[in-house]
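For the sequence shown, the UniProt record's numbering gives the first residue as 1, with consecutive numbering after it. Note that beta-carbon positions come from the ideal geometry of N, C-alpha and C, so glycine has one too. In this text, all values refer to a predicted model and were calculated from it rather than measured experimentally.
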Amino acid sequence: MDPRIAVVPGSFDPPTLGHLDVIRRAAGLFDQLHVLVVHNPGKEAMLPIAERQRLLEQSIAEAGVEGDVVVAAWSVGLLVDYATDVGAKVLVKGIRSQVDVAYETPMAIVNRDLAHVETVFLLPDPSHALVSSSLVRQVAGLGGDVSPYVPPAVARFLDTGARGI
């Protein structure tokens with residue numbers, strides 16, 4: 001039987017506890033999980049892709065996420081190209097609200113049409129349902145405490161003065 005491989009894509013700018021929750025639960029559902037930091041041309045990033053990748057690796061390790069989890073980056077080409085390259089037949093997306101469903105549904109349909117890659121939506125733990133990377137960036141940029149919303153590795157990084165990146 002072929003291994004069940006999935007990809008959790010996101011900008012992860014910065015990684016949040018909601019992201020970590022989705023990663024932990026998805027890792028338990030698949031034989032191998034690729035957490036993919038992607039470039040979103042529609043957003044100006046606070047953190048470089050390599051830093052987001054490093055923070056995800058550290059956060060996943062510190063949280064004791066079990067399973068075969070690979071953290072990678074992808075900035076050129078279609079997401080489904082990466083999925084196909086690694087043998088993934090599923091994309092996992094965390095959704096917090098109807099707004100996320102409306103945004104993600106057309107992409108899920110196109111990804112299925114382009115490469116026969118299905119999309120699975122995971123609902124967040126209610127304690128993370130209202131937290132987004134955008135909100136964390138705004139709070140951090142104004143000097144607020146983001147530790148309730150991000151993994152400890154991210155909070156430490158932001159507290160060392162990295163907020164001005």
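### Message
Please state whether the Cβ-Cβ distance between residue 93 and residue 146 is less than 9 Å.
### Response
Looking up residue 93 in the sequence shown gives position 93. Looking up residue 146 in the sequence shown gives position 146. No, the pair does not count as a contact, with Cβ atoms beyond the cut-off.
### Query
Between residue 72 and residue 81, what straight-line distance do the alpha-carbon atoms span, to the nearest angstrom?
If you number the sequence shown from 1, residue 72 lands on position 72. If you number the sequence shown from 1, residue 81 lands on position 81. Whole-angstrom Cα-Cα distance: 14 Å.
### Query
What separation, rounded to the nearest whole angstrom, lies between the Cα atoms of residue 114 and residue 159?
Position 114 of the sequence shown, counted from the start, is the residue given in the question as residue 114. Position 159 of the sequence shown, counted from the start, is the residue given in the question as residue 159. Approximately 42 Å, taken between the alpha carbons.
### Task
Within 10 angstroms of the Cβ of residue 144, are there 16 or more other Cβ atoms? Answer buried if so, exposed if not.
Locating residue 144 in the sequence shown gives position 144, counting from the first residue. When all chains shown are included, residue 144 counts as exposed.
### Message
Helix, strand or coil, according to DSSP, for residue 44 in the structure here?
### Response
Position 44 of the sequence shown, counting from 1, holds the residue named residue 44. Coil at residue 44, not helix or strand.
### Task
Report the residue ranges of all beta strand (DSSP E) runs contained in full by the UniProt domain "Cytidyltransferase-like" (8 to 138); include only those spanning at least 3 residues, in chain order.
32 to 38, 68 to 74, 90 to 94 and 118 to 122
### Message
Just list the residues that DSSP pairs residue 6 with in beta bridges.
### Response
Position 6 of the sequence shown holds residue 6. According to DSSP, which records beta bridges pairwise, residue 6 is partnered with 33 and 90.
### Closest residue to residue 30 among 2, 16, 50 and 141 (Cα-Cα distance)
Sequence index remark: in the sequence shown, residue 30 carries index 30 (1-based). Measuring from the Cα of residue 30, the nearest candidate turns out to be 2.
### Query
Is the CB-CB distance between residue 62 and residue 27 below 9 Å?
Counted from its first residue, the sequence shown places residue 62 at position 62. Counted from its first residue, the sequence shown places residue 27 at position 27. Not closer than 9 Å, so no.
### Message
Quick check on this structure: which residue in 91, 84, 32 and 14 has the alpha carbon closest to the alpha carbon of residue 58?
### Response
Position 58 of the sequence shown holds residue 58. Cα-wise, what sits closest to residue 58 is 14.
### Message
Measuring only the C-alpha atoms, how far is residue 139 from residue 153?
### Response
Looking up residue 139 in the sequence shown gives position 139. Looking up residue 153 in the sequence shown gives position 153. Those two C-alpha atoms are separated by around 17 Å.
### Query
In whole angstroms, what is the alpha-carbon distance linking residue 34 and residue 122?
Taking the sequence shown and counting its residues from 1, one reaches residue 34 at position 34. Taking the sequence shown and counting its residues from 1, one reaches residue 122 at position 122. Cα to Cα, the separation comes out at about 16 Å.
### Message
Quick check: what's the CA-CA separation for residue 97 versus residue 127?
### Response
One-based indexing of the sequence shown puts residue 97 at position 97. One-based indexing of the sequence shown puts residue 127 at position 127. Taking the straight line from one Cα to the other gives about 13 Å.
### Task
Select from 43, 44, 39 and 60 the residue whose C-alpha is nearest the C-alpha of residue 50.
Stepping through the sequence shown from its first residue, residue 50 is reached at position 50. Answer by Cα proximity: 39.
### Distance, residue 56 Cα to residue 157 Cα
Against the sequence shown, residue 157 aligns to sequence position 157. Against the sequence shown, residue 56 aligns to sequence position 56. Distance between the alpha carbons of residue 157 and residue 56: 12 Å.
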